[in-house]
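Okay, structure first, notes after.
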Amino acid sequence: MMKKNIELGNISRYRGELMGLAIIFVVLFHVGLPREDIFFGLRRMGNIGVDIFLFLSGIGLWYSWSKTPSTLTFLFKRFLRVYPAWIIIAALYYIPDMICPDLVRHGGHSTNIIDLIGDITINWDFWLNDELTFWYIPAIMMLYLFTPAYIQLIIKHPTYRWLPALMMAWCIVLQYVSPIHDAVGHIEIFWSRVPIFLLGINMGAAVKEKKTIEGSSIWLIIIAFIGTLSTCIYLEQVKHGHFPLFLERMLYIPLTITGIILLNELLSRAPAWFHKVCVFIGAISLEIYLIHHHFILIYIEQLGWCYWAKFLAVLALALPLSWLLHKLLEIAISPIERRIK
1 MMKKNIELGN ISRYRGELMG LAIIFVVLFH VGLPREDIFF GLRRMGNIGV DIFLFLSGIG
61 LWYSWSKTPS TLTFLFKRFL RVYPAWIIIA ALYYIPDMIC PDLVRHGGHS TNIIDLIGDI
121 TINWDFWLND ELTFWYIPAI MMLYLFTPAY IQLIIKHPTY RWLPALMMAW CIVLQYVSPI
181 HDAVGHIEIF WSRVPIFLLG INMGAAVKEK KTIEGSSIWL IIIAFIGTLS TCIYLEQVKH
241 GHFPLFLERM LYIPLTITGI ILLNELLSRA PAWFHKVCVF IGAISLEIYL IHHHFILIYI
301 EQLGWCYWAK FLAVLALALP LSWLLHKLLE IAISPIERRI K
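This is the structure:
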């Protein structure tokens with residue numbers, strides 16, 4: 001019996017749903033669970049939501065560049081989507097963190113007014129001191145800056161599509177060559193996510209052109225997914241804290257790509273209501289990321305509830321707040337977006 005070919009175009013078709021699932025994975029990852037719990041390793045797999053975001057972002061950026069190949073327009077649109085939400089949330093977090101830490105129950109991130117301005121504008125303590133409070137935002141904005149040059153490079157010289165492999169080698173150098181590790185090893189969480197982002201850009205053309213993969217390859221995809229997932233769960237459950245995290249993030253690369261393909265197969269069979277829920281959550285995923293952990297979860301964790309009660313409570317509060325922030329920003333930003341189209 002002939003197996004139906006796997007359509008790469010489904011990655012774009014279900015992008016909204018995948019973004020929604022990715023942010024749910026991230027929330028599941030952030031909710032606390034005791035180290036000795038039998039599901040600790042599985043819960044740690046929610047971290048892959050970040051890699052899904054970066055891979056999908058890379059593909060989306062290829063689409064955007066193909067539509068308007070202008071560096072300034074490209075960057076303006078990208079930062080217009082991220083920066084307003086970031087500035088609001090960063091100010092709401094870092095200002096009270098500095099002036100009334102007892103009230104908000106956290107403090108010490110910004111040591112002076114200059115540090116405060118740097119944290120709010122570009123989150124510079126991430127780059128300087130590996131401050132991970134909102135690390136994804138400065139990381140993705142840095143990747144945006146280099147994206148136009150990378151896309152133009154691989155269009156003109158396709159051989160440079162191999163750069164993700166070189167970045168994987170760089171992660172090994174970063175970990176084990178002491179002078180380099182001492183200089184920039186503190187932002188390993190950024191370096192180890194660059195390969196999956198570049199691979200997303202590399203795959204953008206194939207997704208846009210709706211290319212297919214031979215149907216029989218589904219077995220290889222399933223084997224790769226199960227193999228990498230089970231290895232990652234084992235590492236987190238048994239070896240957590242005893243290996244460099246970049247090693248696991250290299251496993252995240254095949255796990256992310258095969259996982260997305262398999263999720264697409266499931267989504268093609270999912271009911272309409274499930275699609276609507278995932279798309280809704282995906283549309284406000286940026287706001288959920290910014291709000292759920294440091295404005296909601298850190299307080300719910302203090303209540304001593306069970307894992308799933310904490311997760312559901314975070315979602316119940318984060319969804320309406322994120323939707324409200326998204327709508328307010330949409331009203332403010334939409335006129336600007338219409339002018340630059």
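With full-length UniProt numbering, letter number 275 in the sequence shown gets 275, and the count goes up by one each step, no holes. The beta carbon of each residue, even a glycine, is placed where N, CA and C say it ideally should be.
For residue i, does the count of other Cβ atoms within 10 angstroms reach 16, so buried, or fall short, so exposed?
{"i": "K156", "result": "exposed"}
{"i": "T68", "result": "exposed"}
{"i": "N202", "result": "buried"}
{"i": "Y234", "result": "exposed"}
{"i": "Y150", "result": "buried"}
{"i": "T228", "result": "buried"}
{"i": "S322", "result": "buried"}
{"i": "H242", "result": "exposed"}
{"i": "M1", "result": "Confidence in M1 is poor, its pLDDT being 46 and thus under 50, which makes the residue's placement unreliable; the coordinate value appears in the next sentence. Under this definition M1 is an exposed residue."}
{"i": "F39", "result": "exposed"}
{"i": "S70", "result": "exposed"}
{"i": "I172", "result": "exposed"}
{"i": "I226", "result": "exposed"}
{"i": "G304", "result": "exposed"}
{"i": "V177", "result": "exposed"}
{"i": "E36", "result": "exposed"}
{"i": "R195", "result": "Sequence inspection shows Pro at residue 195; the Arg mentioned does not correspond to that position. So P195 ends up on the buried side."}
{"i": "W273", "result": "exposed"}
{"i": "P148", "result": "buried"}
Any idea what DSSP makes of residue i, helix, strand or coil?
{"i": "E7", "result": "strand"}
{"i": "T111", "result": "coil"}
{"i": "T121", "result": "helix"}
{"i": "W305", "result": "coil"}
{"i": "I223", "result": "helix"}
{"i": "T73", "result": "helix"}
{"i": "P271", "result": "coil"}
{"i": "L132", "result": "coil"}
{"i": "A165", "result": "helix"}
{"i": "L33", "result": "coil"}
{"i": "I201", "result": "helix"}
{"i": "S12", "result": "helix"}
{"i": "K276", "result": "helix"}
{"i": "R193", "result": "coil"}
{"i": "R339", "result": "helix"}
{"i": "C100", "result": "coil"}
{"i": "M1", "result": "With a pLDDT of 46 at M1, under the threshold of 50, the predicted position of this residue should be treated as unreliable, and no value is reported."}
{"i": "H294", "result": "helix"}
{"i": "P158", "result": "helix"}
{"i": "F243", "result": "coil"}
{"i": "T68", "result": "coil"}
{"i": "H181", "result": "helix"}
{"i": "H106", "result": "coil"}
{"i": "F40", "result": "helix"}
{"i": "I333", "result": "helix"}
{"i": "I151", "result": "helix"}
{"i": "I284", "result": "coil"}
{"i": "M19", "result": "helix"}
Would you mind giving the Cβ-Cβ distance between residue i and residue j, rounded to the nearest angstrom? I have them listed as a contact below 8 Å.
{"i": "F311", "j": "V104", "result": "Not really, about 22 Å apart at Cβ, beyond 8 Å."}
{"i": "Y136", "j": "L116", "result": "Wrong, their Cβ atoms sit about 20 Å apart, outside the cutoff."}
{"i": "Y289", "j": "V82", "result": "Contact doesn't hold; Cβ gap of about 10 Å is too wide."}
{"i": "K211", "j": "Y63", "result": "Not confirmed; about 14 Å, so no contact."}
{"i": "F79", "j": "Y14", "result": "Actually they do not touch by this definition, with Cβ atoms about 26 Å apart."}
{"i": "C232", "j": "L251", "result": "5 Å"}
{"i": "G215", "j": "N5", "result": "5 Å"}
{"i": "G58", "j": "G204", "result": "7 Å"}
{"i": "G41", "j": "Q237", "result": "3 Å"}
{"i": "L245", "j": "E188", "result": "7 Å"}
{"i": "I296", "j": "L317", "result": "5 Å"}
{"i": "I52", "j": "A22", "result": "4 Å"}
{"i": "D119", "j": "A90", "result": "7 Å"}
Return the bridge partner residues of residue i from the DSSP annotation.
{"i": "I213", "result": "I6"}
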